[in-house]
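Asks: Protein sequences appear in the order of chains A and B. Residue numbering for the first sequence is 540 to 880, as defined by our numbering. Residue numbering for the second sequence is 135 to 351, as defined by our numbering.
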Amino acid sequence: MLTRWVDFWAEEEAPWSLALVRLLLGLALLGDYLSMGLRGLVVPLLTTGADGGLAARAGAEPALWQQLFGTGPEAAWGLYGALVVTTVMVAAGFFTRSASLMLLLLSAQFAWILPAGDRGIDMLSRNVLMIFVFAGSGQALSVDAWWARRRGSGGVVRIGAWARRLLLLQLVAMYWTAGVQKYAQQWWPWGDFGALWVIWQDWPMTAVATAGWVQSPLAWRFSQLATALTIGWEVSFPLILVAWYLLRTADRGGRWRAWVVRTRPDLAYAGLGVVFHLGIALWLDLGVFPWAMLALYPAFLGPDAWARWVSYLLPGQENLQTNADEVAGWGRGWHGECIDG
Amino acid sequence: MNRTRAQLRAAAITLVLLVHGIAVLPVPHVVRPHELDDPVARAEVTRWAERLTGVGYPISPDELGAEVVRWSTRLGRAHRTALLPMRPWFRWTGTGQGWALFANPDTHPSRMEVAVVRGGQEQLVYRRLDPDLGWLRDPLAYRRVRGVYDATSARHRPTAASRRLADWLEDEARRSDPTVEGVLVRFVATPHPLPSARRRGRGSSKVRYTLRSKGLR
Numbered sequence: 540m541l542t543r544w545v546d547f548w549a550e551e552e553a554p555w556s557l558a559l560v561r562l563l564l565g566l567a568l569l570g571d572y573l574s575m576g577l578r579g580l581v582v583p584l585l586t587t588g589a590d591g592g593l594a595a596r597a598g599a600e601p602a603l604w605q606q607l608f609g610t611g612p613e614a615a616w617g618l619y620g621a622l623v624v625t626t627v628m629v630a631a632g633f634f635t636r637s638a639s640l641m642l643l644l645l646s647a648q649f650a651w652i653l654p655a656g657d658r659g660i661d662m663l664s665r666n667v668l669m670i671f672v673f674a675g676s677g678q679a680l681s682v683d684a685w686w687a688r689r690r691g692s693g694g695v696v697r698i699g700a701w702a703r704r705l706l707l708l709q710l711v712a713m714y715w716t717a718g719v720q721k722y723a724q725q726w727w728p729w730g731d732f733g734a735l736w737v738i739w740q741d742w743p744m745t746a747v748a749t750a751g752w753v754q755s756p757l758a759w760r761f762s763q764l765a766t767a768l769t770i771g772w773e774v775s776f777p778l779i780l781v782a783w784y785l786l787r788t789a790d791r792g793g794r795w796r797a798w799v800v801r802t803r804p805d806l807a808y809a810g811l812g813v814v815f816h817l818g819i820a821l822w823l824d825l826g827v828f829p830w831a832m833l834a835l836y837p838a839f840l841g842p843d844a845w846a847r848w849v850s851y852l853l854p855g856q857e858n859l860q861t862n863a864d865e866v867a868g869w870g871r872g873w874h875g876e877c878i879d880g
Numbered sequence: 135m136n137r138t139r140a141q142l143r144a145a146a147i148t149l150v151l152l153v154h155g156i157a158v159l160p161v162p163h164v165v166r167p168h169e170l171d172d173p174v175a176r177a178e179v180t181r182w183a184e185r186l187t188g189v190g191y192p193i194s195p196d197e198l199g200a201e202v203v204r205w206s207t208r209l210g211r212a213h214r215t216a217l218l219p220m221r222p223w224f225r226w227t228g229t230g231q232g233w234a235l236f237a238n239p240d241t242h243p244s245r246m247e248v249a250v251v252r253g254g255q256e257q258l259v260y261r262r263l264d265p266d267l268g269w270l271r272d273p274l275a276y277r278r279v280r281g282v283y284d285a286t287s288a289r290h291r292p293t294a295a296s297r298r299l300a301d302w303l304e305d306e307a308r309r310s311d312p313t314v315e316g317v318l319v320r321f322v323a324t325p326h327p328l329p330s331a332r333r334r335g336r337g338s339s340k341v342r343y344t345l346r347s348k349g350l351r
């Protein structure tokens, strides 16, 4: 049992899935920071009331950034500039691990300075950055990988599969706990599945409250259906672990394994998640949240599925593709290795 | 791979899973008695009490509210204690768990309004999602700014950060018009009963609270 546990976390895979997550998450975060700058919010969000900002006076436990550089506008611009630069480095995969660590720590300083402005998606992003600090997310689709190839040190690259697995476990935990913590009755049949309809009209976050269609009977029925799907999807999300287990042990045979291999319920869960987040992007004004969430979704597909796409889109990167042995090795992989059958 | 390295990696991952496994436990947030005064929470507790009574566990809304406060406090305290050794790590890295996303949709959400005061006269310049009152619409809609003023239903009084928001808005107003005396930031609660419950009436909007910027305090 212990040996199998050690072996499971020691497995390796091609870097495509994780690299794609890094690239997309970096771009989403960059868009968020640029949006903040373009709205003229650098000084308001990163300075204290004494300088006209929204942050509390640096009290008994000031952020390290405030201790080192003060609380004024210059310190705010310094932190903002550092956030933007390190985000670009993460997206580009330039000194990827160091940049991930720096961005993680800088983002935590932002959270320290203005806790009210730090949202769940920021914490989730930092959790993912923590994985990047230790994982090989910069081994593909990155300046680091390009440089390694240029120096001739880039062979067939494999990274620890543990990173993507931890990321997927994070998503499972997040969706499931988000589901079981939905105490409000509007999420449940006895509350008429009215949650989404209510959320559509929650002024601080809605984008559609004033649209006429929200009050139509069709919108009400649709919102009930979407609410039921959302709560069902979140609460049952851990079933994806069962699907992955059955896929991993598909060679043992059996009716359930055959069904899972044939129907790929794990991909149905991921597909529904994409729809769910696109709906949030369409109807709610939550900024980077849906996009940063979608940036994590490439992890649901195994790297060889992405490798096929990359070899199609970027010919000449054969050294990063999975070879026959790897594919065979992935035949017992966690999931996603046979996306197209 | 070196076997020792693989074992160390597995041990580290096990520790991470253990710590984050505890952190992610769906423990309800600590409910304080005043939070149950809020109409949304009150209606929620009443409906749950009816439901529990209906399935053979008779309990009044007041009793249920007291139980919620008691158990959420106990559980929250135990959860915090279990994670105490990791607290500095979570603080410095900004990592952690806690995903109560859209857990309690607000049936009485507050629509924010901003009025500029000149010569003692108010002029409404911003109302959320009003195309004709769009002063500073983009900055106010930014998610990190929204965090300063949203979830007003769950608060029985304005936060210090939302007061600073009013002061910042005054500074912004003065930037274009030095005669501005201050700004008023109002949060107008607008009930949204479900279509299936409208026969009981829609309810009327009312100002939850008004923030006065520094020039008016």
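Positions of the beta carbon are idealized from the N, C-alpha and C atoms, including for glycine.
Using a threshold of 8 Å, state whether the C-beta atoms of B:Arg297 and B:Phe321 are closer than that.
Replies: Position 163 of the second sequence, counted from the start, is the residue given in the question as residue 297 of chain B. Position 187 of the second sequence, counted from the start, is the residue given in the question as residue 321 of chain B. No, the pair does not count as a contact, with Cβ atoms beyond the cut-off.
Asks: Please report the residue range of the alpha helix (DSSP H) in which B:Arg280 lies.
Replies: Within the second sequence, numbered from 1, the residue matching residue 280 of chain B stands at position 146. Looking at the DSSP string, the run of the alpha helix (DSSP H) that includes B:Arg280 is Arg277 to Tyr283.
Asks: When burial is assigned at 16 or more other CB atoms within 10 Å of the CB, is A:Gly810 buried or exposed?
Replies: For this step, residue 810 of chain A is matched to residue 271 along the first sequence. Per the 10 Å Cβ criterion, exposed.
Asks: With a CB to CB cut of under 8 Å and the five nearest residues on each side skipped, what residues in its chain are close to B:Ala183?
Replies: The count along the second sequence starts at 1 and reaches residue 183 of chain B at position 49. Ile193, Ser194, Pro195, Glu197 and Leu198, listed in sequence order.
Asks: Can you grab the Cα-Cα spacing for the pair B:Gly268 / A:Thr610, in whole Å?
Replies: Locating residue 268 of chain B in the second sequence gives position 134, counting from the first residue. Locating residue 610 of chain A in the first sequence gives position 71, counting from the first residue. The straight-line gap from Cα to Cα measures roughly 30 Å.
Asks: Given this structure, state the Cα-to-Cα distance separating A:Ala597 from A:Pro612, to the nearest angstrom.
Replies: Here residue 597 of chain A refers to the residue found at position 58 when the first sequence is read from its first residue. Here residue 612 of chain A refers to the residue found at position 73 when the first sequence is read from its first residue. Answer to the nearest angstrom: the Cα atoms are 14 Å apart.
Asks: Please determine, among B:Leu345, B:Thr207 and B:Leu235, the residue with the shortest C-alpha to C-alpha distance to B:Arg354.
Replies: Outside the displayed span of chain B (135 to 351) sits residue 354 of chain B, for which this structure offers no information.
Asks: Can you tell me whether A:Met540 is buried or exposed? The criterion is at least 16 other CB atoms within 10 Å of its CB, across all chains shown.
Replies: Reading the first sequence from its first residue, position 1 is the one you call residue 540 of chain A. Classification for A:Met540: exposed.
Asks: The beta strand (DSSP E) that contains B:Gly316, what's its start and end?
Replies: Translated into positions along the second sequence, residue 316 of chain B becomes position 182. It spans Gly316 to Ala323 - the beta strand (DSSP E) in which B:Gly316 sits, taken as one unbroken run.
Asks: Helix, strand or coil, according to DSSP, for A:Gly699 in the structure here?
Replies: Along the first sequence, read from residue 1 onward, the residue named residue 699 of chain A stands at position 160. Looking at A:Gly699 - three-state DSSP - the assignment turns out to be strand.
Asks: Residues of chain A with CB under 7 Å from B:Glu178, in chain order?
Replies: For the purposes of this step, residue 178 of chain B is taken as residue 44 along the second sequence, with counting starting at 1. Within 7 Å Cβ-Cβ: Ala723 and Gln724.
Asks: Compute the Euclidean distance between the alpha carbons of B:Arg185 and B:Val179, then round it to the nearest angstrom.
Replies: Here residue 185 of chain B refers to the residue found at position 51 when the second sequence is read from its first residue. Here residue 179 of chain B refers to the residue found at position 45 when the second sequence is read from its first residue. Rounded to the nearest angstrom, the two C-alpha atoms are 10 Å apart.
Asks: To which residues of the same chain is A:Pro554 closer than 6 Å at the C-beta, ignoring the five residues directly before and after it?
Replies: Reading the first sequence from its first residue, position 15 is the one you call residue 554 of chain A. Counting only Cβ-Cβ distances below 6 Å, and skipping sequence neighbours, we find Gly675, Gln678, Ala679, Val696 and Ile698.
Asks: Considering only the alpha carbon of each residue, which of A:Leu764, A:Thr716, A:Gly792 and A:Asp657 lies closest to A:Pro728?
Replies: Here residue 728 of chain A refers to the residue found at position 189 of the first sequence. Out of A:Leu764, A:Thr716, A:Gly792 and A:Asp657, A:Leu764 has the C-alpha closest to the C-alpha of A:Pro728.
Asks: Determine the burial state of A:Pro654: buried for a count of at least 16 other Cβ atoms within 10 Å of its Cβ, exposed for fewer.
Replies: Walking along the first sequence from the start, residue 654 of chain A turns up at place 115. It is exposed - the Cβ of A:Pro654 has fewer than 16 other Cβ atoms within 10 Å.
Asks: Considering just the uninterrupted stretch of the beta strand (DSSP E) at B:Val251, what are its terminal residues?
Replies: Indexing the second sequence from 1 puts residue 251 of chain B at position 117. Segment Ser244 to Arg252, the beta strand (DSSP E) holding B:Val251.
Asks: Determine, for A:Ala655, whether the minimum Cβ-Cβ distance to residues of chain B falls below 8 Å.
Replies: Counted from its first residue, the first sequence places residue 655 of chain A at position 116. True, the Cβ-Cβ gap to chain B drops below 8 Å.
Asks: Taking 8 Å as the cut-off, decide whether the C-beta atoms of A:Ala630 and A:Leu562 are in contact.
Replies: Numbered from its first residue, the first sequence carries residue 630 of chain A at position 91. Numbered from its first residue, the first sequence carries residue 562 of chain A at position 23. In contact: A:Ala630 and A:Leu562 (Cβ atoms closer than 8 Å).
Asks: Below 8 Å CB to CB, which residues in the same chain sit around B:Val314 once its five sequence neighbours on both sides are set aside?
Replies: Counting from 1 along the second sequence, the entry for residue 314 of chain B is found at position 180. Hits under 8 Å: Val250, Val251, Arg252, Glu304, Ala307, Arg308 and Gly349.
Asks: When the Cα atoms are used, what is the spatial distance from A:Thr625 to A:Met641?
Replies: Position 86 of the first sequence holds residue 625 of chain A. Position 102 of the first sequence holds residue 641 of chain A. Computed Cα separation, rounded: 7 Å.
Asks: Going along the chain, which residues of its own chain have a beta-carbon closer than 6 Å to the beta-carbon of B:Pro325, five neighbours each way excluded?
Replies: Start at 1 with the first residue of the second sequence, and residue 325 of chain B comes out as number 191. Contacts found: His242 and Gly337.
Asks: Using a C-beta cutoff of 8 Å, does B:Pro329 count as contacting chain A?
Replies: On the second sequence, position 195 is the one that residue 329 of chain B refers to. Judged by the 8 Å Cβ criterion, B:Pro329 is in contact with chain A.
Asks: If you compare alpha carbons, which of A:Gln754, A:Glu600 and A:Trp739 is closest to A:Ala820?
Replies: The sequence position of residue 820 of chain A within the first sequence is 281, counting from 1. Comparing Cα positions, the closest option is A:Trp739.
Asks: Which residue's Cα is closest to the Cα of B:Ala234: A:Val827, A:Arg658, A:Ile779 and A:Trp736?
Replies: Locating residue 234 of chain B in the second sequence gives position 100, counting from the first residue. The shortest C-alpha separation from B:Ala234 is found at A:Arg658.
Asks: Given that B:Thr241 touches chain A, what residues does it touch there, using C-beta distances under 8 Å?
Replies: Position 107 of the second sequence, counted from the start, is the residue given in the question as residue 241 of chain B. Under the 8 Å cutoff, chain A gives Gln725 and Val737.
Asks: If we cut at 8 Å on Cβ distances, does A:Pro743 have a partner in chain B?
Replies: For the purposes of this step, residue 743 of chain A is taken as residue 204 along the first sequence, with counting starting at 1. So, interface residue.
Asks: If I'm right that A:Trp651 touches A:Ala602 with Cβ under 8 Å, what's the distance once you round it to whole angstroms?
Replies: One-based indexing of the first sequence puts residue 651 of chain A at position 112. One-based indexing of the first sequence puts residue 602 of chain A at position 63. Indeed they touch by this definition, with Cβ atoms about 4 Å apart.
Asks: Count the other CB atoms within 10 Å of the CB of B:Ala331; is the residue buried (16 or more) or exposed (fewer)?
Replies: Residue 331 of chain B sits at position 197 when you count from the first residue of the second sequence. Label assigned to B:Ala331: exposed.
Asks: Out of B:Val202, B:Thr227 and B:Glu201, which has the shortest C-alpha to C-alpha gap to A:Leu644?
Replies: Position 105 of the first sequence, counted from the start, is the residue given in the question as residue 644 of chain A. When only C-alpha atoms are compared, the closest one is B:Thr227.
Asks: Given this structure, state the Cα-to-Cα distance separating A:Ala621 from A:Ser574, to the nearest angstrom.
Replies: Working through the first sequence from its first residue, we reach residue 621 of chain A at position 82. Working through the first sequence from its first residue, we reach residue 574 of chain A at position 35. The alpha-carbon atoms of A:Ala621 and A:Ser574 are separated by roughly 15 Å.
Asks: Which ranges would you report for the alpha helix (DSSP H) in the segment 200-233 of chain B if only whole runs of at least 4 residues count?
Replies: Those alpha helix (DSSP H) runs which fall completely within the segment 200-233 of chain B and span 4+ residues are 221-227.
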